[in-house]
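In the working numbering, the protein residues as written are 1 to 466. Just so you know, even glycine gets a beta-carbon here, dropped at the ideal spot from N, CA and C. Here the structure comes first, spelled out in structure tokens, and everything after it is commentary.
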């Protein structure tokens, strides 16, 4: 079958937040833009459709953000969760440019709402999308149609021709029909490889069989693989990822935000042997929730269980699945199929170690343990009020950090170099430049929005100068 042709000034591979930000920014300059989205229309948007907020620097209160969140505090928060594994100049670009993003987003129909409560602690730092990520994407796609941006769905990029570090043309299957595409510049915003289970097993070994993928099944890393094979420089560790503890009953793919469990800092977490293995109260949840997937991944069979009592019900956002329950700890252990004696001893030892304090789950309070290993640094209350509840936990991967190295113009670094660079990257596929490890709530959408706009603008500029 003979291939059909697609001609553009700027070709965007991907259909999520970063891709649409790039497409709209390129179109603002008058460039002809085409978007290739691997998913069908009803599942368009990659992981972005499961999001609900982005982290925003601001020096004074805004309509949906209280107080202020200055650059140095923002950067300090990032450096603490990454352990310094970040390209600071690129990080500062993401932080500084976030200030103007909400106004730009509103210009394309995105609406915001006040932050949610509970364990999220985000009213000062994160702007929440009214209707969540799906509504945000619907606004962008509607704006793209008005701008004349062509969008092809079920469009799988199958090949890229790169000569001397310069993109020339590529191939794709669109609704299973072969196409070739040419463009003066290319923006890749097609996500990581978290839905490629074989690639995950190369990094994690057999443990990856027990991982769940919170987001889209379409992020299989094909575009990333093609560019690495074509001489693009990589960044990041293939084992590092945004991986949270989610409800163990979630589906293999696409469970989304509703499967995340926010009760961890309010209870204790045990493995299948009934034993604790980490400090549940180490820090505020938005700075620590993304370490728990990796922690659970290191436990036997990659499972764990969060145990709480009736005192904390209503203080966190529950999972879409109801918890297991028991009128006694022994009854709960039986319901969770955990060893009764071990779990009972674990909880009793925890209860005896709790020191008196002023409990407040909204701040780093004074409720902690003493003489317990591992300790619980904050929010330590005895688990003594029936009924008792338990949630099963499994590692839930959101996106991987192995990606493409970029510069401050979102231009992909090629080993061969090029005197006419025309390949740009945005979103998860380049987030490893800034997120070497760990995660900060809402920061993925910040990276995607900021570097999507930069990539689109620079790709359009490169196209004009060819």
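Residue i bridges to which residues according to DSSP?
i           : result
residue 113 : 128
residue 36  : 13, 152
residue 178 : 173
residue 390 : 307, 324
residue 400 : 241
residue 423 : 186
residue 55  : 126
residue 166 : 163
residue 469 : There is simply no residue 469 to check, as the chain begins at 1 and stops at 466 in what is shown.
residue 369 : 354
residue 414 : 232
residue 470 : Since the first residue of the chain shown is 1 and the last is 466, residue 470 is not available in this structure.
Look at residue i and residue j and say whether their C-beta atoms are less than 8 Å apart.
i           : j           : result
residue 413 : residue 233 : yes
residue 291 : residue 390 : no
residue 404 : residue 227 : yes
residue 128 : residue 115 : yes
residue 167 : residue 465 : no
residue 189 : residue 22  : yes
residue 374 : residue 278 : yes
residue 150 : residue 34  : yes
residue 157 : residue 266 : no
residue 215 : residue 399 : yes
residue 452 : residue 68  : no
residue 320 : residue 187 : no
residue 383 : residue 235 : no
residue 274 : residue 385 : no
residue 475 : residue 231 : In the structure as shown, the chain starts at 1 and stops at 466, and residue 475 therefore has no counterpart that could be examined.
residue 191 : residue 429 : yes
residue 108 : residue 241 : no
Measure the alpha-carbon distance for residue i versus residue j and round it to whole angstroms.
i           : j           : result
residue 55  : residue 340 : 43 Å
residue 141 : residue 10  : 17 Å
residue 181 : residue 30  : 20 Å
residue 237 : residue 200 : 12 Å
residue 93  : residue 463 : 23 Å
residue 249 : residue 47  : 20 Å
residue 43  : residue 270 : 35 Å
residue 74  : residue 342 : 42 Å
residue 445 : residue 147 : 23 Å
residue 352 : residue 285 : 25 Å
residue 410 : residue 135 : 26 Å
residue 208 : residue 197 : 7 Å
residue 91  : residue 407 : 11 Å
residue 317 : residue 259 : 10 Å
residue 245 : residue 179 : 40 Å
residue 62  : residue 102 : 10 Å
residue 83  : residue 264 : 22 Å
residue 459 : residue 393 : 42 Å
residue 362 : residue 86  : 28 Å
residue 329 : residue 349 : 13 Å
residue 110 : residue 104 : 9 Å
residue 52  : residue 323 : 24 Å
residue 139 : residue 338 : 47 Å
residue 305 : residue 173 : 43 Å
residue 3   : residue 170 : 11 Å
residue 471 : residue 424 : Given that the chain is displayed from residue 1 to residue 466, the structure contains no residue 471 and the question cannot be resolved.
residue 364 : residue 379 : 8 Å
residue 447 : residue 133 : 15 Å
residue 76  : residue 125 : 13 Å
residue 72  : residue 449 : 20 Å
residue 456 : residue 163 : 22 Å
residue 300 : residue 247 : 16 Å
residue 315 : residue 261 : 12 Å
Excluding five sequence neighbours on each side, which residues of the same chain lie with their C-beta closer than 6 Å to the C-beta of residue i?
i           : result
residue 210 : 302
residue 5   : 180
residue 243 : 293, 294, 395, 397
residue 40  : 153, 154
residue 184 : 9, 463, 466
Residues in its own chain within less than 7 Å of residue i by CB, not counting five upstream and five downstream?
i           : result
residue 217 : 195, 253, 254
residue 387 : 310, 325, 326, 327
residue 213 : 194, 195, 252, 253, 397
residue 381 : 311, 354, 359, 367
residue 58  : 65, 68, 69, 99
residue 7   : 182
residue 288 : 282
If you drop the 5 nearest sequence neighbours on each side, which residues of the same chain put their C-beta closer than 8 Å to that of residue i?
i          : result
residue 78 : 86, 91, 95, 434, 440, 443
Open item on the list: Three or more C-beta pairs under 8 Å: does that hold for the segment 14 to 24 against the segment 356 to 373?
Closed with: no
Task: Validate contact between the segment 426 to 443 and the segment 324 to 340 using beta carbons, cut 8 Å, 3 pairs - done: Touching, no.
- [ ] Check whether the segment 22 to 36 touches the segment 192 to 212, taking contact to mean three or more Cβ pairs, one atom from each stretch, closer than 8 Å.
- [x] no
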